[in-house]
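Everything on this sheet refers to the single structure shown next.
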Amino acid sequence: MAEENKKPGKNEPRRLGEYLTCSPGSIVMAIKKKLEALERGNNKKGLGEFLVELGIITNDELENALRRQRADRIGLCPVFDSLSNTELHAIGNHFTEVSYASGEEFIREGENDPTLYILIEGQLEVFKKDKNGKNIHLAYINPVEPIGEMGYFQGGIRTASVKTTKQSELLRAPYLNLTHYFEHVPRVANAFLEVIQQRQANVK
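Taking the working numbering, I'd label the letters of the sequence shown as residues 62 to 265.
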């Protein structure tokens, strides 16, 4: 396999700063800005956006770093870990980053949401509600597991609800943009089915 097609050797998500040529002091400045924003209730901006605001990096440098980081992170997910680096960069064009605060319910049982997520940092709880509206715990999701895969075979209808148990960072992509990989790339299709079978076994 050519060097550019090798998968990253890391087994944990790398920080954005590792993809940038910023000094440690610059990263600290941006982190302080991000913490100040979090205290004001703004958890939507990423560290890179603060680096751009401070004039430390350009938008192009940020986008290039995010593309590299996104590909590496997708490659850590068991559904996509068989893909080459080139393939990971291609599929990465379909994913975007999203952040949720602790206790935020972002997938709701019964709703139509044809989206696959990959948890990068944090923790998620999968649950259903009983007839009295009480939450019934099903499972916890940890990095770098996918979430929302069951809905792919249900027309996008969610079969359970998901909320964060702590501040969480995720990647998300519409099912429509992933159909080629799930149905025509055997390595991904088999891994996708294995994840689903394991999830079904764990909730029985």
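By construction, the Cβ of each residue, glycine as well, lies at the ideal position given by its N, Cα and C atoms.
In this text the structure is predicted, and so the values were computed from the model without any measurement.
Inset, instruction - Note the first and the last residue of the continuous beta strand (DSSP E) segment covering Phe167. - result: Boundaries of the beta strand (DSSP E) harbouring Phe167: Glu166 to Ile168, taken from the DSSP string.
Legend entry - Local conformation of Arg131 per DSSP, three classes: Helix.
Inset, instruction - Please say whether Glu206 and Phe253 have beta carbons closer to each other than 8 Å? - result: No, Cβ-Cβ distance for Phe253 and Glu206 is not below 8 Å.
Inset, instruction - Report the option in Glu100, Arg129 and Lys93 whose CA atom is closest to the CA atom of Leu53. - result: Past the edges of the chain, shown from 62 to 265, lies residue 53, and the structure says nothing about it.
Inset, instruction - Go through its chain and collect everything with a Cβ distance to Glu79's Cβ below 6 Å, but skip five positions before and after it. - result: Nothing listed; no residue qualifies.
Legend entry - Straight-line gap, Glu148 to Cys138 (C-alpha atoms, nearest Å): Taking the Cα positions, Glu148 is about 14 Å away from Cys138.
Inset, instruction - Determine the extent of the beta strand (DSSP E) in which Glu230 is found, giving its start and end residues. - result: Where Glu230 is concerned, the enclosing beta strand (DSSP E) stretches over Ser229 to Pro235.
Legend entry - Glu230 vs Glu165 beta-carbon contact at 8 Å: No Cβ-Cβ contact shorter than 8 Å links Glu230 with Glu165.
Legend entry - Close beta carbons around Leu232, own chain, < 8 Å, minus the five adjacent residues each side: For Leu232, where only same-chain residues beyond five positions count, the Cβ hits under 8 Å are Arg131, Arg134, Ile135, Phe156, Thr157, Glu158, Val159, Tyr178, Ile179 and Ile181.
Inset, instruction - Just the C-alpha distance for Glu255 and Thr225, rounded to the nearest angstrom, thanks. - result: Note on geometry: alpha-carbon atoms of Glu255 and Thr225 lie some 24 Å from one another.
Inset, instruction - Would you identify the three-state DSSP class for Leu81, choosing helix, strand or coil? - result: Coil.
Legend entry - CB of Arg219 within 8 Å of CB of Glu170, strictly: Yes.
Inset, instruction - Enumerate in chain order the residues of its own chain whose CB-to-CB distance from Leu77 is below 8 Å, with the five nearest sequence positions on each side excluded. - result: Same-chain partners within the cutoff: Gly107, Leu108, Gly109, Ala126, Leu127 and Gln130.
Inset, instruction - Going by DSSP, name the residue or residues bridged to Leu180. - result: Residue pairing by DSSP places Leu180 opposite Leu231 in a beta bridge.
Inset, instruction - Take Arg118 and list the residues in its own chain whose beta-carbon comes closer than 7 Å to its own, dropping the five residues that flank it on each side. - result: Note that residue 118 corresponds to Ile in the displayed sequence, not to Arg. Within the same chain, Ile118 has close Cβ partners Leu81, Cys83 and Leu112.
Inset, instruction - Check Ser145 in the structure and name its three-state DSSP category. - result: Reduced to three states, the DSSP call for Ser145 is coil.
Legend entry - Cα-Cα separation between Asp191 and Ile197, rounded to whole angstroms: Our two residues, Asp191 and Ile197, have alpha carbons roughly 7 Å apart in a direct line.
Legend entry - Cutoff 8 Å; reference Lys189; Cβ partners in own chain excluding five residues on either side: Closer than 8 Å at the Cβ level, and outside the excluded window around Lys189, lie Glu170, Asn196, Ile197, Leu199, Ala221 and Ser222.
Legend entry - Cβ neighbour criterion (16 or more within 10 Å) applied to Asn146: By the 10 Å Cβ count, Asn146 comes out buried.
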